[in-house]
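**Q** Dropping the structure in here first, questions after.
Residue numbers (this note's numbering): 68 to 228.
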């Protein structure tokens, strides 16, 4: 890398930092990926949607996904947003997403979003929709969700008699 290339790269970095510090671009992450920028541009153009995610403690946060997004895409956006918020406020904290998805699922309009390949719009999810985390347990035999049992320990004991 020559000196001219280095100066050009440094100048681009400074311009990008100045742009990202602008309050108008407050929804852009501090170290955005190309995908983040494309999704935010898509939101402005109408080809992406902002979804509010309501947590079990009644707090919420927003994520942005493309209109053709699947349940899996939404889960990845949630994971990325939560990890970013955790790092910003408390430093690095490990969240076991496998455990989260084993005990909770997303729900929209009383429909549980269980199949990662389902397209969100097929459930009626649109821009400014709100999805909820709801308790659910994945069964080990079939690697799919089942109804949560409150007394799993005692249920298992009754089978021994």
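We treat Cβ as the ideally placed atom computed from N, Cα and C, and that holds for glycine.
Predicted model, so just to flag it, every value in this text is computed and none were measured.
With DSSP as the reference, please indicate the residues paired to residue 183 in a beta bridge.
**A** As a first step, residue 183 must be located in the chain shown, where it is residue number 116. According to DSSP, residue 183 bridges with nothing at all.
**Q** In whole angstroms, give me the CA-to-CA distance for residue 107 and residue 148.
**A** The count along the chain shown starts at 1 and reaches residue 107 at position 40. The count along the chain shown starts at 1 and reaches residue 148 at position 81. Cα-Cα distance, rounded: 14 Å.
**Q** Please report how far the alpha carbon of residue 139 lies from the alpha carbon of residue 184, in whole angstroms.
**A** Counting from 1 along the chain shown, the entry for residue 139 is found at position 72. Counting from 1 along the chain shown, the entry for residue 184 is found at position 117. Approximately 7 Å, taken between the alpha carbons.
**Q** Smallest Cα separation from residue 121: which of 115, 110, 129?
**A** As a working note, residue 121 is residue 54 in the chain shown. It is 129 whose Cα lies nearest to the Cα of residue 121.
**Q** Bridge partners of residue 156, per DSSP?
**A** Here the question's residue 156 lines up with position 89 in the chain shown. Answer by DSSP bridge pairing: none, since residue 156 is not bridged.
**Q** Going by the CB atoms, is the gap between residue 201 and residue 10 shorter than 8 Å?
**A** Outside the modelled stretch of the chain, which goes from 68 to 228, sits residue 10, for which no answer is possible.
**Q** Can you give me the Cβ contacts of residue 132 inside the same chain, cut-off strictly under 8 Å, excluding the 5 residues immediately before and after it?
**A** By one-based count along the chain shown, residue 132 stands at place 65. Result list for residue 132: 106, 115, 116, 118, 140, 141, 144, 187, in chain order.
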